[in-house]
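Per our numbering, the very first residue in the sequence shown carries number 5; after that it's consecutive. Even glycine gets a Cβ: it sits at the ideal position worked out from N, Cα and C. All figures in this text were calculated on a predicted structure; none of them were measured in a lab. In what follows, a single structure is set out as structure tokens and then discussed.
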Amino acid sequence: MAPGASEETALGQRVFAHGRGAVLTDLDGADYLDFAAGTLTQSLGHCHPEVVDALTAQAARLWNVHDSATEGRDVLLDLLTRLLPEHLDTYAFFSTGAEAVEAALRVVQATAPPGRNRLGALRHGFHGKTMGARMLVHWDIGNQAFAGNSVLGYSPYCYRCPLDLEYPSCEVRCASLVRKHIAEKPNVSALVFEPVLGAAGVIVPPPGYWEQIAEACRANGVLLVADEVLTGGGRTGSFLASEALGIEPDLVVLSKGMANGFPFAVLAGRAELLRSPEAARAGSYASTYASNPLGIAAARATLGIIERDRLTERVRELGALLDERLSALRARHEQLGDVRAAGLLFGLEFVTDEDSRTPAPDIARNVYTTALDLGLRTSVGGHIIRLAPPFTLTEAQLDEGVGMLAEAIERVTAT
Ligand SMILES: Cc1ncc(COP(=O)(O)O)c(C=O)c1O
Numbered sequence: 005m006a007p008g009a010s011e012e013t014a015l016g017q018r019v020f021a022h023g024r025g026a027v028l029t030d031l032d033g034a035d036y037l038d039f040a041a042g043t044l045t046q047s048l049g050h051c052h053p054e055v056v057d058a059l060t061a062q063a064a065r066l067w068n069v070h071d072s073a074t075e076g077r078d079v080l081l082d083l084l085t086r087l088l089p090e091h092l093d094t095y096a097f098f099s100t101g102a103e104a105v106e107a108a109l110r111v112v113q114a115t116a117p118p119g120r121n122r123l124g125a126l127r128h129g130f131h132g133k134t135m136g137a138r139m140l141v142h143w144d145i146g147n148q149a150f151a152g153n154s155v156l157g158y159s160p161y162c163y164r165c166p167l168d169l170e171y172p173s174c175e176v177r178c179a180s181l182v183r184k185h186i187a188e189k190p191n192v193s194a195l196v197f198e199p200v201l202g203a204a205g206v207i208v209p210p211p212g213y214w215e216q217i218a219e220a221c222r223a224n225g226v227l228l229v230a231d232e233v234l235t236g237g238g239r240t241g242s243f244l245a246s247e248a249l250g251i252e253p254d255l256v257v258l259s260k261g262m263a264n265g266f267p268f269a270v271l272a273g274r275a276e277l278l279r280s281p282e283a284a285r286a287g288s289y290a291s292t293y294a295s296n297p298l299g300i301a302a303a304r305a306t307l308g309i310i311e312r313d314r315l316t317e318r319v320r321e322l323g324a325l326l327d328e329r330l331s332a333l334r335a336r337h338e339q340l341g342d343v344r345a346a347g348l349l350f351g352l353e354f355v356t357d358e359d360s361r362t363p364a365p366d367i368a369r370n371v372y373t374t375a376l377d378l379g380l381r382t383s384v385g386g387h388i389i390r391l392a393p394p395f396t397l398t399e400a401q402l403d404e405g406v407g408m409l410a411e412a413i414e415r416v417t418a419t
């Protein structure tokens, strides 16, 4: 294998054999509670029996006929119509997040009025590693390729405020600066954003942030393109994070939470954009695996269960419980500088000490490997550990996982 795997894989050095629900088992027979849900993908836990049945049945019938309509696709379309806000009524299917982000950028480019040839993005946003998506990412994601000329706005990173202000006395200055930027730059066609910024450490906007920015985009004819690859599908306690934050996006990209870990992505949008003759030329939304029947089967089963079992409600309950436990942990350890939560998505930021807030990647890595040795899998990147357990986690598993994390932090910070 070429080197260049994720930090967690390189540090973890495990060979996993099978998984069921929140539990993963390695080749040596050791069990792990998976608080990273694969790669923040398995909202229903590993190998959910109904998703396995749907995939197995589809695998025995039909795998690939390009992007032709296949049996059961209509059921998925109906589900999306019910789960997404009414105005997002037109869909295209892909297989990865970045692929769907690229499709969204093509739609923006095809429908933009003349002269609007730049994109807006947020500092700390992550949108994938293909060139178009990469153009919008302006922080070190491990491979500094070409970074294009997108217009950048401040993200709502209160713990490390770029303006050295404090919420709420700041009156959300970061947002007013983005708003000003949008009003002053007539050549911006769309703002591409994560409503909650996931990869950079679960940066959760304070009230007032999105209201100002969304309104400025509307007033200035700038499309709102929500990258909900990570947050979509109920992860933050509503089907879209945008909904709870009062944003009405024109286009939305979804992937990780769509098909319980099977490669699948959705571009959802207003009909006037996705159906416009400029955007919808023959082949515009087609690719080798776009509209793949296996992905559709996995998504149909996954989203059907999320809707039937009202799992977004469960996310809010479990999220509140986990937030309470992690806040108590934070109060006990100054090196756990910040705990940020959005539903069942958490960012734990490790620092050398409370006053300097100097990022402490060594502590985060040690906590990650110690927790793994104890039987808890998390997601590590730099000085941040992310948690995104399955929505089907039991309360006993939640407490067990927090116990292992507490033990790991205790051991690492005591040395
Ligand atoms: C918000 C966001 N957008 C896009 C992507 C890229 O998705 P993929 O890795 O499936 O290409 C990711 C992946 O983590 C993501 O978190």
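- Your pair S242 and E103 does not check out as a contact, with CB atoms roughly 25 Å apart and the cut at 8 Å.
- Put simply, of Y372, I389, A412 the residue whose alpha carbon is nearest the alpha carbon of R18 is Y372.
- Boundaries of the alpha helix (DSSP H) harbouring H185: 177-188, taken from the DSSP string.
- A14 has its alpha-carbon roughly 9 Å from the corresponding atom of P7.
- A102 has its CB nearer than 7 Å to a heavy atom of ligand 1.
- In this structure, ligand 1 has no non-hydrogen atom nearer than 7 Å to the beta-carbon of V200.
- Comparing C-alpha distances from G236 to each of G225, E198, P267, G23 shows the shortest one belongs to E198.
- Within the segment 72-113, the beta strand (DSSP E) runs of at least 3 residues that lie entirely inside it are, in chain order, 94-98.
- Scanning its chain for C-beta atoms nearer than 7 Å, with the 5 sequence neighbours on each side dropped, one finds around P253 the residues L228, V229, A230, S246, in chain order.
- Beta-bridge partners of D342 (DSSP): E353.
- For V270, the distance from the CB to the nearest heavy atom of ligand 1 is not below 7 Å.
- Shown here, S193 sits in a strand according to DSSP, grouped into three states.
- If you check the C-beta of F266 against ligand 1, you find no heavy atom less than 7 Å away.
- Ranked by how close their Cα comes to the Cα of L59, the residues P393, A301, R334, R336 have A301 in first place.
- Considered as a whole, the segment 119-143 harbours 122-126 as its complete beta strand (DSSP E) runs of no fewer than 3 residues, in chain order.
- Under the DSSP assignment, R279 falls outside any beta strand (DSSP E); it carries neither an H nor an E label.
- Beta-bridge partners assigned by DSSP to F20: D30.
- At least one heavy atom of ligand 1 lies less than 7 Å from the C-beta of S259.
- If you draw a straight line from the Cα of T74 to the Cα of L167, it is about 52 Å long.
- Within its own chain, the residues whose Cβ lies closer than 6 Å to the Cβ of L255, once the five positions on either side in sequence are excluded, are A108, V229, G273, listed in chain order.
- Per DSSP, reduced to three states, the secondary structure at R239 is coil, with no helix or strand assignment.
- Excluding five sequence positions before and after G250, the CB atoms of its chain that fall closer than 8 Å to its own CB belong to W214, E215, A218, given in chain order.
- The DSSP assignment places no complete beta strand (DSSP E) segment of no fewer than 3 residues inside the segment 298-336.
- Ranked by Cα distance from P365, the first of G157, T316, T417, F39 is T417.
- Here S72 is exposed. Its C-beta has fewer than 16 other C-beta atoms within 10 Å.
- Apart from the 5 residues on each side of it in sequence, G202 sits with its Cβ closer than 6 Å to the Cβ of L234 in its chain, given in chain order.
- Contact annotation, G16 with L376: C-beta distance approximately 6 Å; criterion of less than 8 Å satisfied.
- Within the same chain, Cβ atoms closer than 6 Å to the Cβ of V208 are found at V200, R344, A346, the five residues on either side in sequence being excluded.
- Looking from the CA of L315, the closest CA among C162, E328, P89, G238 belongs to G238.
- Of the residues A412, L278, R304, the one whose Cα lies closest to the Cα of H91 is L278.
- Taking C-beta atoms as the reference points, N296 and S99 count as a pair closer than 8 Å.
- By the CB criterion at 8 Å, L48 and V56 fall outside the cutoff.
- For I217, no beta strand (DSSP E) run applies; the uninterrupted alpha helix (DSSP H) run containing it begins and ends at 213-223, by DSSP.
- According to the DSSP assignment, D57 belongs to the alpha helix (DSSP H) that extends over 53-63.
- DSSP places D35 inside the beta strand (DSSP E), whose first and last residues are 35-38.
- G287 and A294 have their C-alpha atoms some 11 Å from each other.
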